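Student: So the sequences go chain by chain: A and B. Going by our numbering, 111 is the number at position 111 of the first sequence; the sequence numbering is gapless. In our numbering, each residue's number is its place in the second sequence (first place is 1) plus 1000. The structure is given below, and queries will be raised subsequently.
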Amino acid sequence: MTNSYGGNAGPNKQTLIEEGTSLKGTLSSTCPIMVRGRIEGELETPSLAVSASGAVHGKVKVGELRSEGELAGEFDADTVSLSGSVKDNTVIRAKTLEVKLQSEGKMQVMFGEVELNVGDMPGDKDAGRNKKKGKKDDDPAPGGEGGEGGAAG
Amino acid sequence: MAELTREQVVARAKQGESLAREELNGLDLSGTDLSGADFSRTDLEGVNFEGARLDGTNFKNANLREAFLSSAVLTNANLEKADLEGANLSKANLTGANLNRATLEGAKLTDAILTSALLTNAQLDSAELGKAMLDGASLAHAELVEAYLGGANLTGSDLSNADLSSANLEEANFRQANLSDAELAEAAAPGANFEGASLLRSNLRSANLEGCNLRDIDGRHANFSDTRTAGATLTGAKLFSAQTKTGRFDGVIAEWVDTSPEGTGTKRVSGDEVAAFLAGKLSEVPTATRYFGKGDVLRDASLEFGAGSDVEIDSRFEKCKIVLSEGTNLVIGEDGVLSECTISGLGNITIHGQFLERDSPGIIGPRLLVVSEQGAVAGAVEQAAESTQFAFAPGCSLRMKILRARAK
Chain A
1 MTNSYGGNAG
11 PNKQTLIEEG
21 TSLKGTLSST
31 CPIMVRGRIE
41 GELETPSLAV
51 SASGAVHGKV
61 KVGELRSEGE
71 LAGEFDADTV
81 SLSGSVKDNT
91 VIRAKTLEVK
101 LQSEGKMQVM
111 FGEVELNVGD
121 MPGDKDAGRN
131 KKKGKKDDDP
141 APGGEGGEGG
151 AAG
Chain B
1001 MAELTREQVV
1011 ARAKQGESLA
1021 REELNGLDLS
1031 GTDLSGADFS
1041 RTDLEGVNFE
1051 GARLDGTNFK
1061 NANLREAFLS
1071 SAVLTNANLE
1081 KADLEGANLS
1091 KANLTGANLN
1101 RATLEGAKLT
1111 DAILTSALLT
1121 NAQLDSAELG
1131 KAMLDGASLA
1141 HAELVEAYLG
1151 GANLTGSDLS
1161 NADLSSANLE
1171 EANFRQANLS
1181 DAELAEAAAP
1191 GANFEGASLL
1201 RSNLRSANLE
1211 GCNLRDIDGR
1221 HANFSDTRTA
1231 GATLTGAKLF
1241 SAQTKTGRFD
1251 GVIAEWVDTS
1261 PEGTGTKRVS
1271 GDEVAAFLAG
1281 KLSEVPTATR
1291 YFGKGDVLRD
1301 ASLEFGAGSD
1311 VEIDSRFEKC
1321 KIVLSEGTNL
1331 VIGEDGVLSE
1341 CTISGLGNIT
1351 IHGQFLERDS
1361 PGIIGPRLLV
1371 VSEQGAVAGA
1381 VEQAAESTQF
1391 AFAPGCSLRM
1401 KILRARAK
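Shown next as structure tokens:
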């Protein structure tokens, strides 16, 4: 692990996990982290960038997450931009998520079994005028839990 | 006649003295080490640099006409605006060299290594670049008229706006290269590999593309008129607005082509329709469109949409079962709400409105699922057997479980 300094300016410093480096444990940083190697464990940082050669497995709390590499575990973020792959049993919670559309035959992100909780809870905007009298207007949830949304006709 | 001897040149270079603007034409400097020397604006016409070490040497604006640079090491050399007309650079190593605006007309670059070299606006008309390594090179706006690039490796290179008219590109490798707005009229490229290359708006009129690998090319708005493509592979090519009508596409191999304006794969033609599309007759093939307007409510319905049809829903659907055939485009408009519905099949789904499931998974096996910034999905998505392609715009709301395809 190294601290790289983009010139002499302090604000440009970032923690770099270089390719071929593997880190297990807890890493908490006040500067951005760039992962070209592998991290397993708990991670807290304002900004995390994972390159195509990088992998982060574990529990991550981050402001901005940009990944072109491999993600697995639990990710809490403000903004997420994804390409690369997301492994099984991964949960991503974010205010915003961006996955760009790639051209035919090319996959921007390979998803395993993944849970995405992004933005506000989707609610049935028309439920009020369509629901049965007296029925509670619950927010729907994945897997059918509470998913009625008051929409029964 | 040279003003300095070979020994004097080597000695001055060693001492770090500039050799700029000297008259050194016709000198034999073969096998010397002149790395880092300054030959800017120097007259080096006909100089023999065979096997010389010229790493990082400055030849900016130098006259190197008819110079012999075979097997020379010119890595990271500065040859910007140098005149290399008729020079012999065969087997030279020009990795990372700057040849922007250099004149290389008729130059011999056979087997030269030009990996990541800068050749923007370079004049390479009639140059010999057979088996040259040009991977990652910048050749934007370069002139390559009648150049020979047989077997050359141009993987990932930038040839945007380059002129390759009547060039010989046989078995050259243009994989993932950028040839947008390039001129390729009457180019001979039998057996060339263009897989994944951008040929956006390029002109390939009367080009020979027989046996080419054109898989996944971006040929939107390109001119393929009067091209010969027998034995070429065109599967996955983006061909929206391409001029293919007068091309000879007999014997072309194409399982499907992408006809979407944005080249996103959301519209494609396959099977027999490909030939009709290439012949410019596809407009005669009707595309079924279904529209469900705002304010309508549809309950407990089963709907099945045929291959290639376009479906747009601005209504409210409740407890409906929707089956999409392969290539069907389903758009849930901003006003559309699908509540407690299931969507299955290998279609392309774009959600600007809402999809709220009850039974899990609510979406089964789509080829493509796009959720726009206004879109919301609460539910599980079971991916297609060959994985589903996802796109999510910032601002969308998701409570989504992504599941792998289940064995049927």
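Yeah, the Cβ is synthetic: ideal placement off N, Cα and C, and Gly gets one too. Note that this is a predicted model, so its numbers are computed, not measured.
What number of angstroms, rounded off, separates the C-alpha of V62 of chain A from the C-alpha of L1369 of chain B?
Tutor: Near 27 Å, if we compare the C-alpha coordinates of L1369 of chain B and V62 of chain A.
Student: Within its chain, find whatever has a CB closer than 6 Å to the CB of G1231 of chain B; leave out the 5 residues flanking it on each side and keep chain order.
Tutor: Counting only Cβ-Cβ distances below 6 Å, and skipping sequence neighbours, we find E1210, G1211, G1251.
Student: Per DSSP, what kind of secondary structure is R1041 of chain B in: helix, strand or coil?
Tutor: Note: R1041 of chain B maps to coil in three-state DSSP.
Student: N117 of chain A touches chain B at which residues, Cβ-Cβ below 9 Å?
Tutor: The answer, in chain order, is L1398, R1399, M1400.
Student: Can you give me the C-alpha to C-alpha distance between S1315 of chain B and E1334 of chain B, rounded to a whole angstrom?
Tutor: The alpha-carbon atoms of S1315 of chain B and E1334 of chain B are separated by roughly 10 Å.
Student: Give me the subset of the region 1352-1374 of chain B whose CB atoms are less than 7 Å from a CB atom of chain C, sorted by chain position.
Tutor: Any reference to chain C falls outside this structure, whose protein chains are A and B.
Student: For A1433 of chain B, which option in B:N1061, B:Q1123, B:S1160, B:S1138 has the closest C-alpha, if you only look at C-alpha atoms?
Tutor: Nothing about residue 1433 of chain B can be reported from this structure: the residues present for chain B run from 1001 to 1408 only.
Student: How far does the beta strand (DSSP E) with D1125 of chain B in it reach, from first residue to last?
Tutor: Taken as a continuous stretch (DSSP letters only), D1125 of chain B belongs to no beta strand (DSSP E), as it is neither H nor E.
Student: What's the C-alpha gap between V1323 of chain B and E98 of chain A?
Tutor: Cα-Cα distance, rounded: 28 Å.
Student: Go through its chain and collect everything with a Cβ distance to L48 of chain A's Cβ below 6 Å, but skip five positions before and after it.
Tutor: Closer than 6 Å at the Cβ level, and outside the excluded window around L48 of chain A, lie I33, V62, L65.
Student: Which chain B residues are close to E100 of chain A, counting only those with a beta carbon under 8 Å from its beta carbon?
Tutor: Correcting the residue type first, residue 100 of chain A is Lys in the shown sequence and not Glu. Simply A1391.
Student: Would you report the Cα separation of A1097 of chain B and N1121 of chain B, rounded to the nearest angstrom?
Tutor: So the alpha carbons of these two residues sit roughly 14 Å apart.
Student: Evaluate the contact criterion for the region 1129-1136 of chain B versus the region 1153-1161 of chain B: three or more CB pairs, one atom per stretch, below 8 Å.
Tutor: Yes: the two stretches touch, three or more of their Cβ pairs being nearer than 8 Å.
Student: If you follow the beta strand (DSSP E) that V1257 of chain B is part of, which residue opens it and which one closes it?
Tutor: From DSSP, the beta strand (DSSP E) with V1257 of chain B extends over 1256-1258.
Student: Which residues does DSSP list as the beta-bridge partners of A1167 of chain B?
Tutor: Bridge partners of A1167 of chain B: none, in fact.
Student: Verify the CB distance criterion: does G123 of chain A have a CB-CB separation below 9 Å to chain B?
Tutor: For G123 of chain A, the answer is yes, since a Cβ of chain B falls inside 9 Å of its Cβ.
Student: Would you mind telling me which residues of chain B sit closer than 7 Å to V109 of chain A, beta carbon to beta carbon, in chain order?
Tutor: Chain B residues near V109 of chain A: F1390.
Student: I need the boundaries of the beta strand (DSSP E) containing Q14 of chain A, first residue and last residue.
Tutor: Note, Q14 of chain A: beta strand (DSSP E), 14-17.
Student: Figure out for me which residue from B:F1292, B:P1394, B:V1010, B:V1381 has the closest Cα to the Cα of S1372 of chain B.
Tutor: It is B:P1394 whose Cα lies nearest to the Cα of S1372 of chain B.
Student: Could you tell me which chain A residues have their CB closer than 8 Å to the CB of L1403 of chain B, listed as they occur along the chain?
Tutor: Under the 8 Å cutoff, chain A gives E113.
Student: With burial defined as no fewer than 16 other Cβ atoms inside 10 Å of the residue's Cβ, what is the status of N1415 of chain B: buried or exposed?
Tutor: Outside the displayed span of chain B (1001 to 1408) sits residue 1415 of chain B, for which this structure offers no information.
Student: Beta-carbon of G1395 of chain B versus every beta-carbon of chain A: anything under 9 Å?
Tutor: Yes, G1395 of chain B counts as interfacial toward chain A.
Student: Apart from the five residues on each side of it in sequence, which residues of its chain come closer than 6 Å, Cβ to Cβ, to S67 of chain A?
Tutor: Closer than 6 Å at the Cβ level, and outside the excluded window around S67 of chain A, lie V50, L82, G84.
Student: At 7 Å on the CB atoms, spell out the chain A contacts of A1376 of chain B, in chain order.
Tutor: Near A1376 of chain B (Cβ distances below 7 Å), the residues of chain A are P122.
Student: Counting only the same chain and skipping the five closest in sequence on each side, list residues whose C-beta sits under 6 Å from that of E145 of chain A.
Tutor: Because E145 of chain A sits at a pLDDT of 35, beneath the cut-off of 50, its placement in the model cannot be relied upon, and the following sentence gives the value as read from the coordinates. Counting only Cβ-Cβ distances below 6 Å, and skipping sequence neighbours, we find nothing.
Student: Could you please tell me which residues of the region 1233-1265 of chain B, in chain order, have their CB closer than 8 Å to any CB of chain A?
Tutor: Residues passing the 8 Å Cβ filter: G1236, K1238, D1258, G1263, T1264, G1265.
Student: Please tell me whether E1022 of chain B and T1042 of chain B are closer than 9 Å, where the distance is taken between their beta carbons.
Tutor: The answer is yes: Cβ separation under 9 Å.
Student: Would you say S1387 of chain B reaches chain A, if we count a Cβ-Cβ gap shorter than 9 Å as a contact?
Tutor: It does: the Cβ of S1387 of chain B has a partner Cβ on chain A nearer than 9 Å.
Student: Within 10 Å of its beta-carbon, does P962 of chain B have 16 or more other beta-carbons around it, so buried, or fewer, so exposed?
Tutor: Any question about residue 962 of chain B goes unanswered here, given that chain B covers just 1001 to 1408.
Student: Can you find a CB in chain A that lies within less than 9 Å of the CB of Q1383 of chain B?
Tutor: Yes, contact with chain A.
Student: Give a yes or no on whether the minimum CB-CB distance between D88 of chain A and chain B is below 9 Å.
Tutor: By this cut-off, D88 of chain A is an interface position.
Student: With A1197 of chain B and A1172 of chain B assumed to form a contact (beta carbons below 8 Å), what rounded beta-carbon distance in angstroms separates them?
Tutor: Actually they are not in contact, since the Cβ atoms of A1197 of chain B and A1172 of chain B sit about 11 Å apart, beyond 8 Å.
Student: By Cβ distance, which residues of its chain are closer than 7 Å to N89 of chain A, with the 5 residues on each side in sequence left out?
Tutor: For N89 of chain A, where only same-chain residues beyond five positions count, the Cβ hits under 7 Å are E113.
Student: Which bits of chain B does T45 of chain A rub up against, with CB to CB less than 8 Å?
Tutor: Within chain B, no residue comes near T45 of chain A; the closest Cβ sits about 21 Å away, beyond 8 Å.
Student: Specify, as a first and last residue, the run of the alpha helix (DSSP H) that D1272 of chain B falls within.
Tutor: Here the alpha helix (DSSP H) through D1272 of chain B covers 1272-1278.
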